[in-house]
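Novice: So the sequence lines, in the order shown, correspond to chains A and B.
Everything in the first sequence is counted per the working numbering, starting at 1 for the first residue and increasing by one.
Everything in the second sequence is counted per the working numbering, starting at 1001 for the first residue and increasing by one.
The C-beta atom is built at its ideal place from N, Cα and C for all residues, glycine as well.
One structure, as structure tokens, below. Some questions next.
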Amino acid sequence: MIGTAAMLAMLLLGLALLGTLVRVVRGPTLADRILGLDTMMLVLVGVIAVYAVQVRISAYIDIALALTLLSFMSTIAFARYLLSRRPS
Amino acid sequence: MSGALDIVASVLMVLGALLTALAALGLLRLPDVYTRMHAASKAGALGAGLLLLGAGVASSDLAILVRTLLGIAFLLATTPVGAHLLARAALRQGTAPGESTSIIEYDRHQ
């Protein structure tokens, strides 16, 4: 039951990861790429959470939480970088 | 008891994955970076939060559940801030909105 649900969730998350990857590659602006990377981090948090359920090791949940913190920091850093660039 | 927890966790995980996939779909289909931010920051944060909650419920351990709840609180607090920062940076840097955007209030408050 829970194995099937985790499998289905993994499938959907894989599709989401592909979608964000397409947005990061295609752009068209730098802000789009940053937004794609930010969303990719959120999807990865979900992937790690589902993986923790699949292998039944709850220590993976801590990794997902650490990735949450990291994604906020990276978004801030990218936004600062975007601000420091010359207006296009 | 454990069976009921498993069902709740399964529903939470599938719902969260659906919301995350919807966020990615919005990221692909919406016209410009400002509208894409709506899909990414709202549906994305809620989807990741539901997946974390599902993992916490599936572990059937109170300590881990509390940890995931803290993580969800942090996620819901920081994702809007990050999206707001990014939108402000993009607007200041000169990223043009899509053609369907006609009113930009930001200019009036300079």
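With a threshold of 16 other CB atoms inside 10 Å of the CB of Ala16 (chain A), please say whether the residue is buried or exposed.
Specialist: Buried.
Novice: Output needed for Gln1055 (chain B): all residues of its chain with C-beta closer than 7 Å, excluding positions within five of it in sequence on either side, in chain order.
Specialist: Here residue 1055 (chain B) turns out to be Ala, not Gln, going by the sequence shown. Correct list, in chain order: Thr1068.
Novice: Run the CB neighbour count on Leu44 (chain A), radius 10 Å, all protein chains shown included, and call it buried at 16 or more, exposed below.
Specialist: Buried, because 16 or more other Cβ atoms sit within 10 Å of the Cβ of Leu44 (chain A).
Novice: From Ser1102 (chain B) to Thr1035 (chain B), what distance separates their C-alpha atoms?
Specialist: If I take the Cα positions, the gap works out to 13 Å.
Novice: With 8 Å set as the bound, which would you pick, yes or no: does the beta-carbon of Val25 (chain A) sit closer than that to a beta-carbon of chain B?
Specialist: Closer than 8 Å: no.
Novice: What separation, rounded to the nearest whole angstrom, lies between the Cα atoms of Thr1020 (chain B) and Leu1030 (chain B)?
Specialist: Those two C-alpha atoms are separated by around 15 Å.
Novice: Since I believe Met1 (chain A) is in contact with Ser1010 (chain B) (beta carbons under 8 Å), could you give me their beta-carbon distance rounded to a whole number of angstroms?
Specialist: Correct: roughly 6 Å between the Cβ atoms.
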